[in-house]
Amino acid sequence: MREGSRKAVGVETIGMTMRFGAFTALGNVSIKVPAGSFHALLGENGAGKSTLVKCMMGFYHPTSGDILVDGREVAVASPRDASALGLGMVYQHFTLVPSLTGAENLVISREKVPGIIDWRKERADLAVFMERMPFKLPLDVKVAELAAGEKQKLEIVKQLYLGRSFLVLDEPTSVLTPGEAQEVLGLVRDMTKAGDLTVLMISHKFHEVTAFADDVSVLRKGRLTGTGCVTDLDHRKMAAMMIGDQPIAALDSRAEPKPDAEIVLKVKALKAPDRTGLKSIRIEDLGVRSGEIVGIAGISGNGQKEFLEVLAGLRPRDAGEVMVRGTAYAATRAEARALNVRLIPEEPLKNACAPKMTVAENISFRTFDIDGNGKPVS
């Protein structure tokens with residue numbers, strides 16, 4: 005690891021409180037993450053999980069409370085202070101530079117980078133480093149061309165490359181397939197067992213918590229409702245700490261298939277270029293019936309994203325036929341509007357909204373090409 009590996013450190017918060025005006029986002033939260041442990045942080049949306057870790061990382065200045073690293077009280081006034089203490093974080097949203105390659109992102113992430121970079125030496129060092137990683141990443145591909153799962157892996161690799169000894173993972177598997185999630189969490193779990201890393205993972209997935217974490221702390225409405233060893237807590241107990249003792253309605257895992265339902269999407273002999281332009285994705289025959297939820301499985305980077313981009317009109321197709329409710333579909337905006345076809349992309353903050361504009365302004369984009377009479381603007 006380029007910046008120098010350190011042994012795992014323990015981190016503790018004591019009486020952490022964070023107020024935004026009259027609103028208390030965190031109220032007297034004390035958690036202890038021992039060195040070399042894998043600690044899970046559970047809670048509903050808005051429970052205060054992200055606020056807590058941002059206080060730990062120096063992004064927020066808590067109203068009151070202390071942070072201890074290896075039992076010593078420290079001041080973490082900025083992310084630079086956190087970095088100097090060996091604390092790192094993988095955020096929910098990517099922090100990579102899209103126009104640079106994976107290798108370039110890793111190298112420039114270091115605190116000290118020479119004015120003239122010896123790329124032959126850097127690539128050799130990265131090759132040695134990547135041999136210790138259990139998954140492969142195309143470091144010479146621009147980040148903008150990577151699938152979301154590959155970007156998440158690169159974010160984690162970046163922190164390991166920098167030699168972090170305490171790592172916060174903010175919902176790290178939200179864009180990963182189950183197999184990738186097992187792979188990535190297995191890696192960091194092995195590093196905690198070896199005493200090289202301490203992990204605090206924010207998650208909503210009970211099965212990941214029980215499979216990988218040693219201990220768990222639960223927040224509800226900014227308060228710590230419980231903490232304990234994972235082996236002493238089942239899913240029901242963890243859920244009760246998250247949402248209270250209110251009964252949870254039982255739901256059928258899946259609806260009964262309806263073989264006579266209308267086929268709303270039919271894809272035949274589809275061929276389209278992948279993100280590199282060197283290979284093609286091929287869908288020979290796919291039918292989706294009304295009321296179905298169909299999953300497109302596969303390791304990140306194997307064409308799932310490109311296929312959805314074809315259906316959304318974001319990627320041209322070289323051959324094949326797409327039918328929606330029996331009508332030929334070329335994925336124009338007019339056709340998508342008329343047939344009620346919508347896409348929620350894997351990175352909505354990047355590809356589905358303008359983050360610096362208001363919700364109302366974003367909603368108005370739906371009709372930016374419609375005139376006052378409700379007709380498309382040519």
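Residue numbers (the numbering used here): 5 to 382. Cβ coordinates follow ideal geometry from the N, Cα and C atoms, glycine included.
Relative to the alpha-carbon of Leu30, which residue among Arg227, Pro320 and Phe311 has its alpha-carbon at the smallest distance?
Of Arg227, Pro320 and Phe311, the residue nearest in Cα terms is Arg227.
Between the C-alpha atoms of Val33 and Pro359, what's the straight-line distance to the nearest angstrom?
Between the alpha carbons of Val33 and Pro359 lies a distance of about 30 Å.
Can you have a look at Cys233 and say buried or exposed, based on whether 16 or more other CB atoms are within 10 angstroms of its CB?
exposed
So does the region 59-69 actually touch the region 77-85, counting three or more Cβ pairs closer than 8 Å?
yes
On the DSSP bridge assignment, give the partners of His65 in chain order.
DSSP lists no partner for His65.
Through-space distance from Val57 to Asp74, alpha-carbon basis:
The C-alpha of Val57 is placed about 17 Å away from the C-alpha of Asp74.
Just to confirm, are Val188 and Lys157 a CB contact at a threshold of 8 Å?
Yes.
Nearest to Leu89 by CA position, among Thr371, Arg76 and His97, is which residue?
Arg76
Sorted by chain position, which residues of the same chain lie with C-beta nearer than 7 Å to Ser169's C-beta, five sequence neighbours on each side aside?
Arg10, Lys11, Ala12, Val13, Gly90, Leu201 and Thr202
My output table needs one value for Leu56: the three-state DSSP class, helix, strand or coil.
Residue state, collapsed to three classes: helix.
C-alpha gap between Ile18 and Gly69, whole angstroms
6 Å
Check each candidate in Leu312, Asp129, Lys275 and Ser294 and name the one with the smallest Cα separation from Gly330.
Ser294
For a test of the three-state rule: what should DSSP assign to Lys262, helix, strand or coil?
coil
So who's on the other strand from His43, going by DSSP bridges?
Leu204 and Asp219
CB of Ala152 within 8 Å of CB of Glu351, strictly
yes
Under 8 Å between C-beta atoms of Met245 and Val271
no
From Ile285, Ile297 and Met242, residue whose alpha carbon lies closest to that of Pro261
Comparing Cα positions, the closest option is Ile297.
Which whole-angstrom value is the C-beta distance of Phe216 and Arg240, which I expect to be below 8 Å?
Contact doesn't hold; Cβ gap of about 19 Å is too wide.
Quick one: is Ala44 buried, meaning 16 or more other Cβ sit within 10 Å of its Cβ, or exposed?
buried
Among the residues of its own chain, which have a CB less than 7 Å from the CB of Gly230, if the five just before and after it don't count?
Val222 and Met245
Going by other Cβ atoms of all chains shown within 10 Å of its Cβ, with 16 needed for buried, is Pro320 buried or exposed?
exposed
Taking the alpha-carbon positions, what's the Leu312 to Val326 distance?
Approximately 12 Å, taken between the alpha carbons.
Complete runs of the beta strand (DSSP E) confined to the region 288-370 [at least 3 residues]:
Those beta strand (DSSP E) runs which fall completely within the region 288-370 and span 3+ residues are 323-328.
Could you give the first and the last residue of the continuous alpha helix (DSSP H) run that contains Arg193?
Pro182 to Lys197
Cβ-based neighbour list, Val383, same chain, cut-off 8 Å, excluding 5 preceding and 5 following:
Nothing in the structure corresponds to residue 383, since the chain is present only between 5 and 382.
Below 8 Å, can you find three or more Cβ-Cβ pairs linking the region 105-124 to the region 161-168?
yes
Mark Ile287 as exposed unless 16 or more other C-beta atoms lie within 10 angstroms of its C-beta, in which case mark it buried.
buried
What is the rounded straight-line gap between the Cα of Phe98 and the Cα of Asp264?
Going by the C-alpha atoms only, they are around 43 Å apart.
Report, in whole angstroms, the separation of the C-beta atoms of Ala276 and Asp322, which I expect to be a contact under 8 Å.
6 Å
For the beta strand (DSSP E) that Asp174 lies in, which residues bound it at each end?
Phe170 to Asp174 is the span of the beta strand (DSSP E), which, as asked, contains Asp174.
For the alpha helix (DSSP H) that Val111 lies in, which residues bound it at each end?
Gly106 to Ile112
Give me the Cα-Cα distance between Arg346 and Arg124, rounded to the nearest whole angstrom.
Going by the C-alpha atoms only, they are around 45 Å apart.
Val15 - DSSP class collapsed to helix/strand/coil:
strand
Buried or exposed for Pro66, please, with buried defined as at least 16 other CB atoms from any protein chain shown within 10 angstroms of its CB.
buried
Separation of Asn344 from Val363, as counted between CA atoms
22 Å
State the beta-bridge partners of Met20 as determined by DSSP.
Val33
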